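Data block below; observations after.
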DNA sequence: CGTCTATTTGAATGTACTCAAAAGCGGTGG
DNA sequence: CCACCGCTTTTGAGTACATTCAAATAGACG
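Residue numbers (the numbering used here), protein chains in the order written: chain B, 1 to 201; chain F, 202 to 402.
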């Protein structure tokens, strides 16, 4: 039913023929996860690349002190998973948790390799979205190094308003590399600034 | 002369025929840079993807306060450039500086697009190395969030001993997201720890 | 409605930074 | 061959941004 969303996603980079699209569909499966269930888990091989058609997830890892760190947040129309594990087909380090009822269209590693051969455009598609993801990771590193917590939050809010509404501040704070308490303090500070500005007008 | 190094680099992921290899070579050019010259610069479109055959570089950006932040360090047998600018062919934000005499084998964006069509294996190669680079960026974000400055330095030293010898501590500190002074203090602290441990044996 | 989790707030603390100055190192020219 | 210059590294003192811990409040879900 949500196939159209996936088709539109592909169409941003490649023009698939009806045959190619049907071939891809025939190798795809629908999966669904309840709130709190895991799409990937530490120590397990991530066998699927997952396109979210409904719900939201967070991908995180747990450091040696038991602390969770959110690597990625994702909502409808995004691809999600433990990418390093998927491409190497080795056990991964990341958990991907459904933050609510989640539905995906997923392609297994083996099917994807087949599809790369049968539908070369798909190889192009994944090269392009990986390059995009790489570029945005680079921007994120850049952002984490050059900017303080408040600026990082403002940038995030501007870039992903849809995520800010869908996902709890706790996870957003972790994604932004700060404590939940500190994010709360930042938001207060920003409110005060805006109010002060209005008062002085 | 250093073509063999590039061929070996390709061979890590794809098996090229002699014809394919010659085709790639015919679209490649050798470039060289003196110490201090720029391979990419802010505001310019990065027209080439560059494979380093000699020397070392750093890729950095300058934030709004005029501070430099090293995104990437690279030596012989690595690919370098302003990736986001290259893939979009839009003006970039990054400087790539030759830290000493540097030689590269470079392929222009246009030639590369042609080669993707003529040599599908090349599209596979770049998909694979981009995925690798993506995965390593992910690890870097993970590392920056979960670990303090000392642990990040120790991890770096273990992972890239060749780079630690080739490139000044100042740039390494920047790459690791800390001030040069602080890296110096960390190194002293590590020495003291080792000495103390020896003394107590 | 009650419980469980998320968010807010405050106080004390710490990690890493800035600034300034001294010491080390490498290259260049007299 | 040595002296000087510029750049990198080291060291110390003071500071700031962000954290941890604890407690109170608010919100979500059954």
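Using N, Cα and C, we set each Cβ at its ideal position, and we do this for glycine too. Quick caveat, the model's predicted, so the values are computed rather than measured.
Q. So is residue 264 of chain F in contact with chain B if we call contact Cβ pairs under 9 angstroms?
A. Here residue 264 of chain F is taken as the residue at index 63 of the second chain, counted from 1. So, interface residue.
Can you give, in chain order, each stretch of the beta strand (DSSP E) that sits fully within the region 233-303 of chain F and has at least 3 residues?
-> 239-241, 249-255, 257-263, 269-276 and 296-299
Self-check item: Through-space distance from residue 115 of chain B to residue 123 of chain B, alpha-carbon basis
Solution: Position 123 of the first chain, counted from the first residue, corresponds to residue 123 of chain B. Position 115 of the first chain, counted from the first residue, corresponds to residue 115 of chain B. Roughly 8 angstroms separates the two Cα atoms.
| query | Are there three or more Cβ pairs, one per stretch, closer than 8 angstroms when the region 302-309 of chain F is compared with the region 229-246 of chain F? | reply | yes
Neighbouring residues, chain F, relative to residue 133 of chain B (Cβ below 8 angstroms): Along the first chain, one-based indexing puts residue 133 of chain B at 133. Those are 335, listed as they occur along chain F.
- Please name the residue in B/56, B/10, B/118 and B/67 whose C-alpha comes closest to that of residue 178 of chain B. Counted from its first residue, the first chain places residue 178 of chain B at position 178. Minimum Cα distance to residue 178 of chain B is reached at B/67.
Exercise. Check each residue of the region 342-368 of chain F: if its Cβ is closer than 7 angstroms to any Cβ of chain B, include it; give the result in chain order.
Key: 342, 343, 345, 346 and 347
Residue 67 of chain B: contacting residues in chain F (beta-carbon distance under 8 angstroms):
Against the first chain, residue 67 of chain B aligns to sequence position 67. Per Cβ cutoff of 8 angstroms: 347.
Classify residue 359 of chain F: buried if its beta carbon has 16 or more other beta carbons within 10 angstroms, exposed otherwise.
Working through the second chain from its first residue, we reach residue 359 of chain F at position 158. Residue 359 of chain F should be labelled exposed.
Open item on the list: For residue 395 of chain F, count the other beta carbons within 10 Å of its own beta carbon; 16 or more makes it buried, fewer makes it exposed. Which is it?
Closed with: In the second chain, the residue the question calls residue 395 of chain F occupies position 194. Result: exposed.
- Query: When the cut-off is 9 angstroms and only beta carbons count, does residue 338 of chain F lie next to chain B?
  - Reply: By 1-based counting over the second chain, the position of residue 338 of chain F is 137. By this cut-off, residue 338 of chain F is an interface position.
| field | chain F contacts from the region 34-59 of chain B (Cβ-Cβ distance under 8 angstroms) | value | none
Worksheet entry | Coil, strand or helix - residue 218 of chain F by DSSP | Walking along the second chain from the start, residue 218 of chain F turns up at place 17. Residue 218 of chain F falls in the coil class under three-state DSSP.
Counting only Cβ pairs nearer than 8 angstroms, list the residues of chain B close to residue 324 of chain F. Counting from 1 along the second chain, the entry for residue 324 of chain F is found at position 123. Chain B residues near residue 324 of chain F: 120, 123, 124 and 127.
- Of all the residues that make up the region 77-102 of chain B, which are near chain F by a beta-carbon distance shorter than 7 angstroms? 83, 84 and 87
For residue 285 of chain F, count neighbouring Cβ atoms within 10 angstroms of its own Cβ and tell me buried if that reaches 16, exposed if not. On the second chain, position 84 is the one that residue 285 of chain F refers to. With 16 or more other Cβ atoms within 10 Å, it is buried.
Item to complete: Specify, as a first and last residue, the run of the alpha helix (DSSP H) that residue 340 of chain F falls within.
Response: Taking the second chain and counting its residues from 1, the one referred to as residue 340 of chain F is at position 139. Residues 321-347.
Min CB distance residue 308 of chain F to chain B below 9 angstroms:
For the purposes of this step, residue 308 of chain F is taken as the residue at position 107 of the second chain. Cβ-Cβ to chain B under 9 angstroms: no for residue 308 of chain F.
Specify the secondary structure class of residue 368 of chain F as computed by DSSP and reduced to three states. In the second chain, the residue the question calls residue 368 of chain F occupies position 167. Residue state, collapsed to three classes: coil.
Handout entry: Exposure label - residue 40 of chain B; buried when at least 16 CB within 10 Å
Key = Within the first chain, the letter at position 40 stands for residue 40 of chain B. Burial call: buried.
request  = Since I believe residue 137 of chain B is in contact with residue 335 of chain F (beta carbons under 8 angstroms), could you give me their beta-carbon distance rounded to a whole number of angstroms?
outcome  = Here residue 335 of chain F corresponds to residue number 134 of the second chain, with the count starting at 1. Here residue 137 of chain B corresponds to residue number 137 of the first chain, with the count starting at 1. With 8 angstroms as the limit, residue 335 of chain F and residue 137 of chain B qualify as a contact, their Cβ atoms being about 6 angstroms apart.
Next on the checklist: Against chain B, does residue 218 of chain F count as a neighbour if the rule is that its beta carbon must be under 9 angstroms from one of theirs?
Outcome noted: Position 17 of the second chain, counted from the first residue, corresponds to residue 218 of chain F. No, no contact with chain B.
Taking the beta carbon of residue 64 of chain B as the centre, do at least 16 other beta carbons fall within 10 Å, making it buried, or is it exposed?
On the first chain, residue 64 of chain B is found 64 positions in, with the first residue counted as 1. Exposed, since its Cβ has fewer than 16 Cβ neighbours within 10 Å.
Checklist line | Own chain residues within Cβ distance below 7 angstroms of residue 412 of chain F, not counting five before or after | finding: The structure shown does not extend to residue 412 of chain F, since chain F spans only 202 to 402, so no value can be given for it.
Notebook entry, point to check: Where residue 390 of chain F and residue 275 of chain F are concerned, what is the direct C-alpha to C-alpha distance, given to the nearest angstrom?
Noted result: Within the second chain, numbered from 1, the residue matching residue 390 of chain F stands at position 189. Within the second chain, numbered from 1, the residue matching residue 275 of chain F stands at position 74. If I take the Cα positions, the gap works out to 27 angstroms.
* **Close-in-space but distant-in-sequence residues of the same chain around residue 329 of chain F (CB under 6 angstroms, 5 per side omitted)** => For the purposes of this step, residue 329 of chain F is taken as residue 128 along the second chain, with counting starting at 1. Closer than 6 angstroms at the Cβ level, and outside the excluded window around residue 329 of chain F, lie 214.
| query | So, are the CB atoms of residue 144 of chain B and residue 345 of chain F less than 9 angstroms apart? | reply | Locating residue 144 of chain B in the first chain gives position 144, where the first residue counts as 1. Locating residue 345 of chain F in the second chain gives position 144, where the first residue counts as 1. Yes, the pair counts as a contact, with Cβ atoms nearer than the cut-off.
request  = Give the single residue among F/384, F/327 and F/347 whose Cα lies nearest to the Cα of residue 354 of chain F.
outcome  = Against the second chain, residue 354 of chain F aligns to sequence position 153. Nearest option by C-alpha distance: F/384.
Starting from the beta carbon of residue 373 of chain F, find every residue of chain B whose beta carbon is closer than 8 angstroms, and list them in chain order.
For the purposes of this step, residue 373 of chain F is identified with residue 172 of the second chain, where counting begins at 1. Correct list: empty, because the minimum Cβ distance to chain B is about 14 angstroms.
Inset, instruction - Could you tell me which residues DSSP pairs with residue 385 of chain F in its beta bridges? - result: One-based indexing of the second chain puts residue 385 of chain F at position 184. Paired residue(s): none; residue 385 of chain F is not in a bridge.
**Message:** Relative to the C-alpha of residue 366 of chain F, which candidate in F/229, F/300 and F/230 has its C-alpha closest?
**Reply:** Within the second chain, residue 366 of chain F is the residue found at index 165, counting from 1. Residue F/300 is the option with its Cα nearest to residue 366 of chain F.
Notebook entry, point to check: Do residue 121 of chain B and residue 15 of chain B come within 9 angstroms of each other at the CB atom, strictly closer than that value?
Noted result: Walking along the first chain from the start, residue 15 of chain B turns up at place 15. Walking along the first chain from the start, residue 121 of chain B turns up at place 121. Yes. Within cutoff.
How about residue 247 of chain F and residue 313 of chain F: do their beta carbons lie closer than 9 angstroms?
Against the second chain, residue 247 of chain F aligns to sequence position 46. Against the second chain, residue 313 of chain F aligns to sequence position 112. Taking 9 angstroms as the Cβ cut-off, residue 247 of chain F and residue 313 of chain F do not qualify as a contacting pair.
Contact list for the region 375-388 of chain F against chain B, Cβ threshold 7 angstroms = 378
Once DSSP output is grouped into helix, strand and coil, what is the label at residue 179 of chain B? Position 179 of the first chain holds residue 179 of chain B. Note: residue 179 of chain B maps to coil in three-state DSSP.
* CA-to-CA distance, residue 347 of chain F to residue 229 of chain B, given in whole angstroms -> The structure shown has nothing for residue 229 of chain B, since chain B only spans 1 to 201.
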